[in-house]
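Undergrad: The structure that follows is given in the form of structure tokens.
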Amino acid sequence: MSGFDTAMVPVLQAVLSGVLVGGVYGLLSIGLSLAFGVMRIVNFAHGDLVMYGMYVGVVASAALGIDPLLALPASFLIMAVLGLAQYQFVFRRFVGATTLNQLLAAIGLGLALQMVAQLVFGVDARSATSMFAGSYDLVGPFFFARAQIVAFVVALIATVAVELLLRRTQWGKSVRAVADNIEAAEIVGLRSQRINLGAFALSCGLAGIAGTIMVTYYPTDPTKGFALMPIAIIATTIGGLGSITGAFLGGIFCGVVQQSTAMLWNSALQDVPLYVLLLVFIAFRPTGLFGGRSE
Amino acid sequence: MSDAAALEVTHIAKRFGGLVALRDVSFRVAAGEVMGLIGPNGAGKSTLFEIVSGNLPPSGGRVAFFGRDCTADPPHVRRRAGLCRSFQKVRLFETMSVGENIAVAARQCLPPDKDWRAEVTSILERMRLTPQADRLPSEITLADRKKVEIGRAIAGYCRVLMLDESLSGLTHDEAEELIGEILTLNRDTGITVIVVEHVLSVLAKMVKRLVVLHNATVIADGTPSEIAHDPVVIEAYLGTKASVLR
Amino acid sequence: MNRRRQSLILGAAAIVLMALLPVSGVNDYIVAVAVRMLIFIALGQAWNVVAGIGGLLSLGHGVFLGLGCYATGILFNDYGLPPWLGVWVGALLSLAIALVMGAMTLRMRGVFFALATIAVSLALDQLARHYVDLTGGDNGLALKFLGNSLWFMQSRRPMPFLYAALVFVVAYYWITRWILASRFGLEMRAVRDDETAAAAAGVPVFRTKLLGLLVSAVMTSVAGTLYMQSYQAIDPETAFGLSQAIQLQLPALIGGLGTSWGPIVGGAVMILLSEGTNLGSTKLGIAGVDILVYGLLLLAVVMYAPKGIMGLFNTRARARSES
Chain A
63 MSGFDTAMVP
73 VLQAVLSGVL
83 VGGVYGLLSI
93 GLSLAFGVMR
103 IVNFAHGDLV
113 MYGMYVGVVA
123 SAALGIDPLL
133 ALPASFLIMA
143 VLGLAQYQFV
153 FRRFVGATTL
163 NQLLAAIGLG
173 LALQMVAQLV
183 FGVDARSATS
193 MFAGSYDLVG
203 PFFFARAQIV
213 AFVVALIATV
223 AVELLLRRTQ
233 WGKSVRAVAD
243 NIEAAEIVGL
253 RSQRINLGAF
263 ALSCGLAGIA
273 GTIMVTYYPT
283 DPTKGFALMP
293 IAIIATTIGG
303 LGSITGAFLG
313 GIFCGVVQQS
323 TAMLWNSALQ
333 DVPLYVLLLV
343 FIAFRPTGLF
353 GGRSE
Chain B
33 MSDAAALEVT
43 HIAKRFGGLV
53 ALRDVSFRVA
63 AGEVMGLIGP
73 NGAGKSTLFE
83 IVSGNLPPSG
93 GRVAFFGRDC
103 TADPPHVRRR
113 AGLCRSFQKV
123 RLFETMSVGE
133 NIAVAARQCL
143 PPDKDWRAEV
153 TSILERMRLT
163 PQADRLPSEI
173 TLADRKKVEI
183 GRAIAGYCRV
193 LMLDESLSGL
203 THDEAEELIG
213 EILTLNRDTG
223 ITVIVVEHVL
233 SVLAKMVKRL
243 VVLHNATVIA
253 DGTPSEIAHD
263 PVVIEAYLGT
273 KASVLR
Chain C
4 MNRRRQSLIL
14 GAAAIVLMAL
24 LPVSGVNDYI
34 VAVAVRMLIF
44 IALGQAWNVV
54 AGIGGLLSLG
64 HGVFLGLGCY
74 ATGILFNDYG
84 LPPWLGVWVG
94 ALLSLAIALV
104 MGAMTLRMRG
114 VFFALATIAV
124 SLALDQLARH
134 YVDLTGGDNG
144 LALKFLGNSL
154 WFMQSRRPMP
164 FLYAALVFVV
174 AYYWITRWIL
184 ASRFGLEMRA
194 VRDDETAAAA
204 AGVPVFRTKL
214 LGLLVSAVMT
224 SVAGTLYMQS
234 YQAIDPETAF
244 GLSQAIQLQL
254 PALIGGLGTS
264 WGPIVGGAVM
274 ILLSEGTNLG
284 STKLGIAGVD
294 ILVYGLLLLA
304 VVMYAPKGIM
314 GLFNTRARAR
324 SES
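Residue numbers (my numbering), protein chains in the order written: chain A, 63 to 357; chain B, 33 to 278; chain C, 4 to 326.
Structural data, given as structure tokens:
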């Protein structure tokens with residue numbers, strides 16, 4: 063490797079791994095950001111739907127012998143339907159403002175979902191094997207897990223698709239109108255409850271995709287939902303609450319910070335800098351790196 | 033000194049991104065005056081109101097309160113100095129009784145040697161709310177809610193009272209009554225009153241002076257009859273002419 | 004007032020009943036449950052100050068509980084410092100963390116504060132797991148037991164902690180009453196209801212929120228010392244974990260947010276439910292059912308009884324009737 067400082071290899075490796083891991087963190091976060099942006103709902107149970115998405119992959123691979131990647135559409139649909147139920151029974155009444163009760167309701171819901179998963183699947187960690195499991199690519203001095211590359215590509219496609227959906231379709235325009243001003247949207251004839259319902263289902267469906275793609279390289283257990291939530295929250299805040307592309311980039315940012323900390327300093331403390339960063343962002347740049355809703 | 037204006041707004045400007053909400057707005061309000069600030073929707077009245085009460089920082093210019101520059105003071109500091117306000121959409125403390133709503137301000141703004149309980153009692157009497165003192169805001173009429181808000185605004189210490197469309201949503205009789213109470217307050221205590229409305233008709237009999245805001249700036253400043261015949265104002269209100277003049 | 008006299012009589016009766024428990028011949032298990040109940044009531048009373056009266060969404064109050072526990076434990080085990088002194092170190096640490104956290108987040112909307120409290124508890128969790136020499140890591144920290152001693156606040160049997168916890172609950176009850184009746188309490192309630200209107204009434208919003216957080220943090224941390232002495236051990240999950248955070252919130256939520264009796268009634272209900280389900284689930288052989296119960300309880304309370312049990316008694320549950 064002429065002209066290449068070998069001391070830089072671990073740094074670049076950390077950054078590249080961080081980008082790959084972070085893409086999936088971004089996928090975890092875009093659904094969360096969507097629910098907040100449209101309805102002001104911080105859905106702490108989002109992580110638990112990701113966890114269920116992971117189990118969809120496990121069931122597909124272990125019980126049905128299907129590659130988890132082929133189960134992605136099913137996972138999206140199942141979680142979207144679960145999302146519809148959640149919205150109708152719980153979140154419907156909390157739309158429009160992030161209140162203590164809304165946060166607590168989401169946490170309560172998350173705990174219940176976690177418990178159900180524990181009763182159904184047991185407490186042991188489970189994993190799923192996709193066709194890419196265990197294969198690695200070497201590019202120069204860098205190595206990549208192929209499952210992570212595939213996951214990154216899926217995350218990227220999902221993010222672009224959601225952005226296009228929101229910006230280019232009639233439905234997306236009505237979602238944004240409801241998000242901007244629910245009263246005005248209703249005056250011009252939009253049915254805000256129905257639109258919110260759709261947006262919430264989409265948000266949950268994205269959680270399903272994120273889980274199923276993640277389980278191809280990361281084992282799951284019933285507590286994974288709560289374990290994944292903090293990073294999704296941080297990515298969403300850093301990206302600007304309510305912004306889709308922001309959440310995706312925020313996820314990549316978190317991935318890079320986390321992997322750099324883990325590889326270059328101390329893997330046991332890999333998340334601590336992220337928590338500190340969250341505080342710093344809240345204090346000095348609450349709109350996030352990429353500008354979200356600040357009001 | 034005493035010849036300083038109660039409120040003086042000088043060269044106030046406000047931009048939101050590319051949108052100019054206010055440009056070069058200046059006027060003075062003398063102590064003890066009852067002044068009206070009018071303008072069509074979107075003229076910048078609310079923005080100006082929020083800048084004067086301290087909830088929005090101006091992009092340029094200054095606000096002086098009895099000769100003292102208060103442009104950088106946060107809202108609660110202005111309130112304690114006697115610059116008081118109501119809200120366009122009534123904002124009361126919904127879990128607290130009418131009496132407690134007024135007590136919040138009385139306990140903040142009354143000089144420490146005075147008894148806040150006596151102040152609450154006297155405000156309740158002045159606003160004719162004594163029977164409602166223990167009610168929750170959700171249990172009283174809109175007119176009474178507006179009176180609670182004004183009571184809370186003047187409790188403790190008040191030198192300038194700014195009312196943001198306080199008359200809207202009231203019946204004719206209710207509005208008349210509230211106007212009467214505001215004028216009595218001005219006469220009894222010398223409190224300066226600034227009334228913001230988007231139509232002139234309600235203000236004509238209440239104020240001796242009007243400032244007209246249009247397209248982010250002051251277009252006229254004079255007595256109600258001068259304003260009503262000012263060609264610039266008529267031009268600005270074109271299409272809503274009737275609502276200005278009647 | 005009649006109502007006031009009623010609650011005083013009720014309170015006095017409860018205190019006497021609790022105080023007589025050890026001499027009534029019941030076994031130590033019952034006394035230990037009573038201690039647990041009183042400690043969680045005290046912790047609930049502390050959370051109630053910031054969240055109930057002040058309306059601040061603290062989801063990570065385990066931070067202050069943990070700091071209280073770890074500070075007293077580490078100072079005692081490593082330096083022989085009695086908890087009578089350790090408690091103040093814990094309180095100072097909590098004060099410092101609350102100050103930094105509050106100063107950084109309380110100018111923003113409430114949701115940011117809520118997210119920040121979670122971040123701080125997770126950060127402390129990871130740090131406590133990593134610095135094994137100081138904290139005992141994942142396994143936690145066990146107090147060295149030196150025998151029954153008032154100076155070291157140690158006792159093999161739970162009886163002394165019953166009286167200590169009773170003192171805490173009564174003291175915290177009076178603090179809550181005092182806050183509700185004071186100008187500070189009025190300010191906090193005004194800020195909780197409407198920040199903009201509070202500022203327009205002359206209330207220094209940011210300072211009020213920060214002060215509420217500091218008071219609550221210190222109350223939690225001091226009660227944390229009692230927690231440590233009574234349980235004689237702490238670990239990262241117990242201090243900073245999610246289910247602990249929820250146990251700190253449930254008493255006030257079940258009983259009635261922002262009321263002086265809420266955390267007391269709610270804490271009693273929570274512990275009885277939790278002990279009941281633990282007994283039941285041990286018999287059935289399923290673990291972790293109390294988590295499910297907490298989750299459902301949380302959901303039920305916020306959706307169907309946001310004013311808690313006190314709100315059911317008094318549909319117009321407002322602090323005025325108590326002040």
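For every residue, glycine included, the Cβ atom is placed at its ideal position computed from N, Cα and C. As the structure is a computational prediction, the values presented were derived from the model and not from experiment.
(1) Given a limit of 8 Å on CB to CB distance, which residues of the segment 58-74 of chain C reach chain A?
(2) Does the beta-carbon distance from Ala-131(C) to Gly-89(C) come in below 9 Å?
(3) Have a look at Arg-110(B) and Gly-205(C) and give me their C-alpha separation to the nearest angstrom.
(4) Within 8 Å, do at least three Cβ pairs link the segment 285-297 of chain A to the segment 122-130 of chain A?
(5) Residue ranges of each alpha helix (DSSP H) run of no fewer than 4 residues wholly in the segment 92-118 of chain C, ordered along the chain?
(6) Who are the Cβ neighbours of Leu-98(C) in its own chain at under 7 Å, not counting the five residues just before and after it?
(7) Rounded to a whole number of angstroms, what is the C-alpha to C-alpha distance between Val-170(C) and Ala-101(C)?
(8) At a CB distance below 8 Å, what residues from the segment 136-152 of chain B approach chain C? Give them in sequence order.
(9) Which residues does DSSP pair with Glu-40(B) in a beta bridge?
(10) Would you list, in chain order, the members of the segment 158-192 of chain C that have their beta-carbon closer than 9 Å to a beta-carbon of chain B?
(11) Tell me, to the nearest whole angstrom, how far the beta carbon of Val-172(C) is from that of Ile-267(C); I am working on the premise that it is less than 8 Å.
(12) Residues in its own chain within less than 6 Å of Ala-202(C) by CB, not counting five upstream and five downstream?
(13) Within 8 Å, do at least three Cβ pairs link the segment 235-251 of chain C to the segment 54-65 of chain C?
(14) 9 Å is my cut-off, CB to CB: does Asp-196(C) come that close to chain B?
(15) List the residues that DSSP assigns as beta-bridge partners of Val-243(B).
(16) Can you confirm whether the segment 112-125 of chain C touches the segment 172-184 of chain C when touching is taken to mean that 3 or more C-beta pairs between the two stretches lie within less than 8 Å?
(17) What does Leu-301(C) reach in chain A if we use C-beta pairs closer than 8 Å?
(18) Taking the alpha-carbon positions, what's the Asn-281(C) to Leu-300(C) distance?
(19) Give the straight-line distance between the Cα atoms of Arg-191(B) and Ile-249(A), rounded to the nearest whole angstrom.
(20) Classify Trp-148(B) as buried or exposed, calling it buried when 16 or more other Cβ atoms lie within 10 Å of its own Cβ.
(21) Asn-87(B) versus chain C: which residues are under 9 Å apart at the beta carbon?
(22) Under the assumption that Ala-226(C) contacts Ala-49(C) (Cβ atoms under 8 Å), give the Cβ distance between them as a whole number of angstroms.
(23) Okay, do the segment 139-155 of chain A and the segment 261-274 of chain A touch, 3+ Cβ pairs below 8 Å being the bar?
(24) If you draw a straight line from the C-alpha of Ala-126(C) to the C-alpha of Ile-70(B), how long is it?
(25) Would you mind reading off the limits of the beta strand (DSSP E) that contains Ala-308(C)?
(26) Taking Tyr-134(C) as part of the beta strand (DSSP E), name the residues at either end of that continuous run.
(27) Tell me whether Lys-237(B) is buried or exposed, calling it buried when 16 or more other Cβ atoms sit within 10 Å of its Cβ.
(28) Along the chain, where does the beta strand (DSSP E) that runs through Phe-204(A) open and close?
(29) Would you mind giving the Cβ-Cβ distance between Phe-187(C) and Leu-214(C), rounded to the nearest angstrom? I have them listed as a contact below 8 Å.
(30) Under 9 Å, Cβ to Cβ, is there at least one residue of chain C near Pro-106(B)?
(31) Of the residues Met-276(A), Pro-284(A), Val-77(A), which one's Cα is nearest the Cα of Phe-194(A)?
(32) Mind listing which residues of the segment 274-296 of chain A have their C-beta closer than 8 Å to chain C's C-betas, in chain order?
(33) What do you get for Trp-177(C), buried or exposed, if any count of 16 or more other CB atoms within 10 angstroms of its CB means buried?
(34) Cα separation between Gly-76(C) and Gly-93(A)?
(35) Look up Cys-141(B) in the DSSP assignment and say whether it is helix, strand or coil.
(36) Relative to the C-alpha of Val-86(A), which candidate in Leu-175(A), Gly-109(A), Val-201(A) has its C-alpha closest?
TA: Per the coordinate set shown:
(1) Gly-58, Leu-60, Leu-62
(2) no
(3) 8 Å
(4) no
(5) none
(6) Leu-217, Ala-220, Val-221
(7) 25 Å
(8) Val-136, Ala-137, Arg-139, Gln-140, Cys-141
(9) Arg-60(B), Ala-96(B)
(10) Arg-186, Leu-189, Glu-190, Arg-192
(11) 7 Å
(12) Val-208
(13) yes
(14) yes
(15) Leu-69(B), Asp-253(B)
(16) no
(17) Leu-166, Ala-167, Ile-169, Gly-170, Leu-173
(18) 15 Å
(19) 41 Å
(20) buried
(21) Thr-199, Ala-202, Ala-203
(22) 6 Å
(23) yes
(24) 54 Å
(25) Segment: none, Ala-308(C) is in no beta strand (DSSP E) and carries neither H nor E.
(26) Taken as a continuous stretch (DSSP letters only), Tyr-134(C) belongs to no beta strand (DSSP E), as it is neither H nor E.
(27) exposed
(28) 204-207
(29) 7 Å
(30) yes
(31) Met-276(A)
(32) Phe-288, Pro-292, Ile-295, Ile-296
(33) exposed
(34) 42 Å
(35) helix
(36) Gly-109(A)
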